[in-house]
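Quick note: the sequence shown uses the UniProt record's numbering, first residue 1, plus one each step.
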Amino acid sequence: MATFPARPRGLESRVPALTRAQPAHVFGAHSSHRHASDDSGHWSSGDRSGSGSGLAVAAGRCALTGRKNQGTRGKFCQTLRVDMERLREKLSEYDQEHLLRFWEELVDEDRYHLANDIDELDLQEITGYFKRAVESSQRIGQSTLDAKLQPIDGTKRASAKTSTEKELDMYEERGLKEVAEGRVAVVLLAGGQGTRLGVTYPKGMYDVALPSHKTLFQLQAERILSLQNMAQQRYILTSEATHDATVEYLSKRNYFGLKEKNVKAFKQGMLPCFTFDGKIILDAKHRLSKAPDGNGGLYRALKNQGILDDMLQRGIRSIHAHSVDNILVKVADPIFIGYCLLSETDCGVKVIDKSSPSEAVGVTAELRHADGQLVYNAANICNHYFTIDFLKDVGYLYEKDLPLHVAKKKIPYVNDDGIRIIPNVPNGIKIEKFVFDVFPFAKNFAVWQGTREEEFSPLKNSSSAGQDCPSTARTDLLTLHKKWLLEAGARDVGDNVEISPLLSYAGENLCQIVNDRSFMGPQVLDKLTMSHVADKIIRILHECHPNKDDFENKTKDSSESKESRKKIEKEKLEKIKSDADKFFADTRCNYIASVEYASLNKMLALCNLEIGNEITAIHHLVEAHAVILRQHILHRYQKTHVRESVWNEPQIYGLRPTHVKFETKFTDNNEALKTKLLNLPKEWYMIQVTAQYESPTILRYKKRTSNVMHAVHITILPTGMSDIEPLCITVPRPATQVSYDICEEIQKLLDDYTSVLKTTYTNHKQYWMMRADQNNKMKIAINGLENVWLREWRVLFMADPIEDLEMVNEIHQMIDKLISDFKSPNEISKRCKWLLKKVSIGAGFLTREEIARAIKFLLPEHEKLANNIILSIYGKLPYIKNLENTKRQTLVLIIDEHMDYIAFEAMEIIKNHPTTRFPSLHVAYALFKEHEDTIVDGCKIIKAREDMGICVVNPSGDLDKMEKRMKLFMDFWLPQWKSCYNAQPGEEMSEALINRDILMYTGHGNGIEYLSGEDIERMRVKSTVLLFGCSSVKLLVIGGRYPPYGVSNQYLIACSPCLLGMLWEVTDADIDKMTTNFMSTWIPSSSKKSWAEVDMDSWSSGTLKFTKNGAKDKTKMYEPEMLRAVAKSKNSCSHYMTAAAIVVRGLPIKIV
């Protein structure tokens, strides 16, 4: 059983309106639509369970099992004779002792298997089955069928054709509600192999040669995803039952977007095959001949394997069951489900008009009404609705009474001489139960009649049959899609245009992309194209900003009052927000990345903050980050998937796109964000820094455009169990009296850095003067970042202390008492209390003016309380300053890509504490999920080993001094590591990335000339990557409005847990000191001496000498957490520019 979710139409977003689980898609047993079996084909038996178990995957058989021999093989072999007599006694009671006629010829292993097969049989039950099945087949003839058959009662039948539009809307609305509340599971009956299609794998894996080459499994899974989006469902409850090959197939393809943890699997039962006189057939001397027990075995499997119990625990109230081989099936059809719910039926069936009396569906009848219509025209297409209560009744009360059906087959058997014979004529029977045989047990049976051209096109035969084959299935689907496009207003549509289920479930959402266009094939309309999305976003953004004439006209009119202007601005904000919300509602697209998309989300964050909707604003801010990178992750996944399909070989996948998908609607989506944050480690303190959106048009017509500083949103994203909601503080652009601009200064400094270094390098004195000047300029810029730009809100970067908690609690209690003593009619919010405590704990880093400004900002309506808190903090300042260097949680920075060049880690408030950065919360979460199994207390754990890494040093061959220094260090501290000196690395880098825990690269840049970014993306990187080269993790400006991009993004895509590198150029001697200090602090060594005992001046000159200060305790120098080791080691740098350049991207790492 495999569960795929379902999504109703109309509400097309991943933002849930409801927080219940979603419907499940259960892959179950058999998929046949036929009432009678085809006798023409050969019957394969024995261990080939695939022909009947298709998508049935759970380990072990669930057929009619008695006790199972649990003893060891050795013990069994010791008692073979005793067991043979026991087996003979058991078999003789039911006249089946012929199964042992080759016993004496069998080796012990084969005896064991035969005995095990026999022990699994409940002979009383299966021989009873045989008798009942034979009697039933002899009793039912055409005349008795004619006497019993009656047309369906009109009161229990409704139709898509005859129902009014109002009725259809009512059914759909009710079905959507049930699906959205997570009460519907979808059961896929997919047990059949594609034998008649000419393939040996399950039918669901068959490709009918659509333009997209999507298989049945993918089409049906995507219909569920589409329906799920439309229903705004929050949790996906999917149950997947499939054959092992199918489970592997789905797993490799990431379940086509469905959640793996919600995939449940179970296998339908097996029954022995009989001769016509009731003897069980031997497929081999040591093996019984078995066959699947039919799709009616679903009910026993649901009960026996705990699937019903699982559904009940998940709140499922009804299921939609359908076969896999119908390419047009409407999975979890909300209209059908809604009709059954409103009819209060416990068992419903969807039918269509039979095309002819001989069509192989449902019953066969040739009676016609006077108007030529068939009397018995309700064709059963294996499309059913059941309530869970009904399934429980069937499983526990009625299943044993289900009719049994006989299929005469050509069954391979072993003759008296022990030779396996494949007969040319039917020689035995298989017994089946059919899924529709439960209908008589329904208390309120109902029928919904669908439309053939929209809902039924079976795939049963090879193309040579010309009917119910790949070519007819393909034609029927493309014809339906052509109809949808023409109805949506297309000018002309070719015969080979396919619509992805992710774009449209049943013809909806096409008007927005059709727009009187023509569509010629072959073509796949897969979600909304980027050009349409970008065009719509640009239109909305254009409405927000005046053109030059508008701007000049509006500035001339200064007669409007301030209040009037504010009213106009607010109305405009509401209009912008309304237009954008409508755009997102109309855009059902999981991957719509564009630069404009990021801008629109930043603008919507401004709108929502202005009108007081903070949580929605935060969602837009989160969504605005790393848009192009997230699109790249999707593209890489798709490229890998295509390569796997073309080459038919397993490929290596990187970050999963499901964790970085684009959320285009945010109504009530705070629960989605909270759930993601809840799953992240509580040991992380996460904040996001986002550049505020500003109109490029407005900037263009200001007199002064050199100022690139801007307002920033600082968003607190509490991880793990937290008492506070995500919150956002917007820090405005500083209004300074001078033209000094921090961003411009840093950018100018970095742009000139390389050329100045080269110019002054030959003049020793001038060089060091230049270095001192550069250090001073960068220090001034970072100081300005803290004190001029971020001002008092730099305290938000201070992670929570994890030591000196008594002091922390004392300060928190002080704030709580001041608030409780202040009798305010308006309660102080949790958000405000948290911020007051944050300011008080970080007050040691603030001036008195900054403390007062922050407190008054937080308490604008409580002047007396604000003054009390300010004075109390002033009185505690000497005490609070003791917390400045207290050990803190890991700070996880989510940095806007356009601000990534800024060395936030060099700020005084955080420079001595563990810090890492990510481009996006989505990317951080995706990487965390990839390594979740190895993360303990917020750190990814690496086991210490002497040869845990590989070192690549000076591959370009022109850094001789650096090479000599690093060789001395490696030989002394890490002699067991494999090292590559003064040579271009061959397989060393790729081998280290894939198989080692650490790759250390010391040379020019990041080594991209030795291992391309494309090659990195194709890997599954295991190692933590240390790139001690100039600008090794710098994001490079691509041009235009596109965000910067770098090799660090490619390592993230490849799932590298962590990356250390430089934001700009560094000098080798200084970074070498930091490198060795860091490595000796973080990585344990078998060396008897500490690296701290080495004389640095001698080492820098190329010789290894020790100081005379005596031995130092290595254990006191050791820091197992990588981020803390990095923070400590920065202090060994002689130059501010070197220490400020060092950043870490990725997960916290710890060596144990």
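C-beta atoms are modelled at their ideal positions from N, C-alpha and C, and glycine is treated no differently.
Between residue 455 and residue 328, the beta carbon gap of about 5 Å places them in contact (Cβ cut-off 8 Å). Assigned with DSSP and collapsed to three states, residue 620 falls in helix. Of the candidates 988, 1135, 1066 and 492, the residue whose Cα lies closest to the Cα of residue 776 is 1135.
Counting of Cβ neighbours within 10 angstroms places residue 647 among the exposed residues, the total staying below 16.
In the DSSP assignment, residue 111 falls within the unbroken alpha helix (DSSP H) covering 108-120. Of the candidates 1085, 913 and 928, 913 places its Cα closest to the Cα of residue 1129. A contact is defined here as three or more CB-CB pairs under 8 Å, and the segment 866-878 meets this definition with respect to the segment 805-819.
DSSP places residue 918 outside any alpha helix (DSSP H); the residue lies instead in the beta strand (DSSP E), whose first and last residues are 915-918.
Note that the segment 419-431 does not touch the segment 219-226; fewer than 3 beta-carbon pairs, one per stretch, sit closer than 8 Å. DSSP places residue 939 inside the beta strand (DSSP E), whose first and last residues are 939-942. At the C-beta level, residue 340 and residue 185 stay beyond 7 Å of one another.
Here residue 764 is exposed. Its C-beta has fewer than 16 other C-beta atoms within 10 Å.
Beta-bridge partners of residue 1027 (DSSP): 1001. Per DSSP, reduced to three states, the secondary structure at residue 486 is helical. Here residue 630 carries a helix assignment [DSSP, helix/strand/coil]. Counting the other CB atoms within 10 Å of its CB gives residue 878 a total below 16, which places it among the exposed residues. Counting along the chain, residue 179 sits inside no beta strand (DSSP E); it lies in the alpha helix (DSSP H) bounded by residues 165-180. If you compare the alpha carbons of 1142, 1121, 988 and 974 with that of residue 1085, the shortest gap goes to 974. Assignment of residue 978 by DSSP, reduced to helix, strand and coil, places it in the strand class. If one requires a minimum length of 4 residues, the alpha helix (DSSP H) runs lying completely within the segment 394-472 are 452-455, in chain order.
Cβ-Cβ distances below 6 Å link residue 346 to 387, 390, 442, 443 and 444 in the same chain, with the five nearest sequence neighbours on each side left out; the list follows chain order. Between residue 1072 and residue 962 the beta-carbon gap is near 6 Å, inside 8 Å, which marks them as a contact.
Residue 801 sits away from residue 890, with the two beta carbons spaced by 7 Å or more. Taking C-beta atoms as the reference points, residue 1044 and residue 905 fail to come closer than 7 Å. Take residue 992, set aside five residues on each side of it, and the residues of its chain with a beta-carbon closer than 6 Å to its own are 950, 999 and 1023, in chain order. If the five residues before and after residue 198 are omitted, its C-beta is found closer than 8 Å to the C-beta atoms of 462, all from its own chain and listed in chain order. If you compare the alpha carbons of 943, 983, 968 and 989 with that of residue 956, the shortest gap goes to 983. Shortest Cα-Cα distance from residue 1119 to any of 1147, 1080 and 495 involves 1080.
Relative to residue 621, the option among 653, 643, 673 and 632 whose CA is nearest is 673.
Contact between the segment 1098-1112 and the segment 1137-1147 is not established, with fewer than three Cβ pairs separated by less than 8 Å. In this structure, the CA atom of residue 874 is about 41 Å from the CA atom of residue 1092.
Excluding residues up to 5 positions away in sequence, 123, 127, 279 and 280 lie with their Cβ nearer than 8 Å to the Cβ of residue 96 in the same chain.
Per the coordinates, the alpha-carbon of residue 478 lies some 40 Å from the alpha-carbon of residue 426. Here residue 597 is buried, its C-beta having at least 16 other C-beta atoms within 10 Å. Of all alpha-carbon atoms in 187, 404 and 160, the one lying nearest the alpha-carbon of residue 311 is that of 187.
Here residue 118 has 87 as same chain residues with Cβ atoms under 6 Å from its own Cβ, once five neighbours each way along the sequence are excluded.
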